[in-house]
Amino acid sequence: MTSPFKGDRARTARSRGLGVRFPPDSPRSPAMNVLRYVLAASLAMVLAGCPEKTPAAPTADAPIPTESNFIHGSAWFAERIKIAPGADFTVQLIDNQLADTPNAVIATTTLEDVAGPPYDFSLQYDPAKIRPNGQYGLSATLRGVDGELLFHTPERVAVTPGDPKKVEFRLVRASSGDAPQPPAQTTRSTWTCDDMTFDAVFDIPGERVDLALPSGALSLPLAQSASGARYADHLGNEFWTKGPEGTLTRQGGAKVQCVQQDAPPQAGSPWDAAKKRGVAFRAIGNEPGWLLEVGPGEAPALHAELDYGERKIEVAKAQQLSGLMGFAGAAADGTKVRVVLERKPCSDGMSDATYPVDAMLDVGGTAYRGCGRFLKE
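The numbers in the sequence shown follow the numbering used here, run straight up by one, and end at 1087.
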């Protein structure tokens, strides 16, 4: 006769590896059967949820994280001079091979309201702007609260982007004859922003622009931009030019549109043709289309074409207006003509072009409004 516990001994042997001894089957203990299967299922789930341990990867050859897009450095000067509050230290990463272009500045950082040295800085740059086998340098300036140059680097400090070594250099005191980047190469142009007109002097090697604003002079360093030439400081002042147009922001205020007064006309254009004929000022308007040309001199001749050229007006000698920019005179048939000009950005409403002068032409009581520019001052 087979022992009723033979199967139990087998199960007991198989389950010793789990540390569990199942109770023997008994027709009088159905609860025991249920308990056995529940416990077995639970243990199987526990074992399935325990992943095998894998050995950790060796770390001997693992790369060490580095700030590969930062240049760390320190600048100092030897003179014992107390720096007044409000001074700013600015350092720029320059592409030496693009030094005479607006794209020369790769990165800029400014330490605001600094005192005496050392000036420790961390300059972050975009690695995508670094060219293989390129040559780069640091240009630094220390300026007073009024923008006056106090100390600078007479020559760019050679640097290799990606080299973790700290860069240290000495600042040289500026004098009346010093310039951040000799020799000075400047271009001067006249701009109208909103209702003010001023001269701008662009120092290409020095990466600065000096604005002769009616409220006072403003000097701004070249800053990063996706397009055009952008000059800005940490006080919210910005002058951003894109060809003959631009914007001006004063101390974080609203942007105002700017246009270059003395921008040369496009070759072959009607403006270029008028300039070659000796025209000093030209204006155009729409609805209906009209144009005006003013000759040179204190008593210039006026030529106007109205209603898409169907009517022409000639004034032999016009007189300058008193208290206003403009001229007045009469045609041969006695028709009175008056021109009032105002230097401010003007759009003709029919194109994307912006002009530096707003023009109002009155012919015999009929007003025409448009835009223009001086071809000769």
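Think of the CB as a built atom: it goes at the ideal place given N, C-alpha and C, for glycine as much as any other residue.
Measuring alpha carbon to alpha carbon, tell me which residue in the options is nearest residue i.
{"i": "Asp-836", "options": "Phe-787, Ser-778, Ile-793 and Gln-845", "result": "Ser-778"}
{"i": "Ile-921", "options": "Phe-831, Ala-1014, Asn-843 and Gly-857", "result": "It should be noted that the sequence gives Leu, not Ile, for residue 921. Leu-921 has its Cα closest to that of Gly-857, out of Phe-831, Ala-1014, Asn-843 and Gly-857."}
{"i": "Gly-1074", "options": "Gly-1033, Glu-1024 and Arg-880", "result": "Glu-1024"}
{"i": "Gln-845", "options": "Ala-1063, Val-815 and Leu-852", "result": "Val-815"}
{"i": "Asp-1072", "options": "Ala-785, Ile-781, Thr-1045 and His-782", "result": "Thr-1045"}
{"i": "Asn-813", "options": "Gly-962, Gly-938 and Phe-991", "result": "Gly-938"}
{"i": "Thr-900", "options": "Ala-1028, Phe-780, Gly-956 and Gly-962", "result": "Gly-956"}
{"i": "Thr-896", "options": "Asp-905, Thr-902, Ser-885 and Ala-910", "result": "Ala-910"}
{"i": "Gly-841", "options": "Asp-805, His-782 and Asp-873", "result": "The sequence shown places Arg at residue 841, not Gly. When each option's Cα is compared against that of Arg-841, the closest is Asp-805."}
{"i": "Val-919", "options": "Pro-975, Gly-847 and Ala-942", "result": "Ala-942"}
Kindly indicate the opening and closing residues of the alpha helix (DSSP H) around residue i.
{"i": "Lys-986", "result": "980-986"}
Using a Cβ-based criterion (distance less than 7 Å to any ligand heavy atom), does residue i qualify as near the ligand ATP?
{"i": "Leu-852", "result": "Although the ligand ATP was asked about, the structure shown includes no ligands whatsoever."}
According to the neighbour-count rule (16 or more other Cβ atoms, all chains shown, within 10 Å of its Cβ), is residue i buried or exposed?
{"i": "His-944", "result": "exposed"}
{"i": "Pro-737", "result": "Reliability of the predicted coordinates at Pro-737 is poor, the pLDDT of 45 falling under 50, and no value is obtained from them."}
{"i": "Ile-871", "result": "What sits at residue 871 in the sequence shown is Pro, not Ile. Flag for Pro-871 reads buried."}
{"i": "Ile-791", "result": "exposed"}
{"i": "Gln-807", "result": "exposed"}
{"i": "Asn-703", "result": "The first residue shown for the chain is 711 and the last is 1087, placing residue 703 beyond what the model contains."}
{"i": "Glu-789", "result": "exposed"}
{"i": "Ser-929", "result": "buried"}
{"i": "Ala-1042", "result": "exposed"}
{"i": "Gln-802", "result": "buried"}
{"i": "Ala-977", "result": "exposed"}
{"i": "Tyr-1018", "result": "exposed"}
{"i": "Ser-849", "result": "buried"}
{"i": "Arg-987", "result": "exposed"}
Give the range of the beta strand (DSSP E) segment to which residue i is assigned.
{"i": "Glu-955", "result": "955-959"}
{"i": "Ala-817", "result": "815-824"}
{"i": "Gly-995", "result": "991-995"}
{"i": "Gln-970", "result": "966-970"}
{"i": "Asp-1072", "result": "1064-1073"}
{"i": "His-1013", "result": "1012-1016"}
Using 8 Å for Cβ pairs, my map puts residue i next to residue j. What's the rounded Cβ distance?
{"i": "Ala-809", "j": "Leu-833", "result": "The pair is not a contact, with the Cβ atoms about 17 Å apart (cut-off 8 Å)."}
{"i": "Leu-1085", "j": "Ala-990", "result": "6 Å"}
Meets three-Cβ-pair contact criterion under 8 Å: the stretch 792-801 and the stretch 820-827: With a cut-off of 8 Å, the stretch 820-827 and the stretch 792-801 count as touching, because enough Cβ pairs lie within range.
Answer yes if the stretch 1031-1049 comes into contact with the stretch 999-1013, meaning at least three C-beta pairs across the two stretches below 8 Å, and no otherwise. yes
Check whether the stretch 1064-1071 touches the stretch 966-982, counting contact only when three or more Cβ pairs, one atom from each stretch, lie closer than 8 Å. yes
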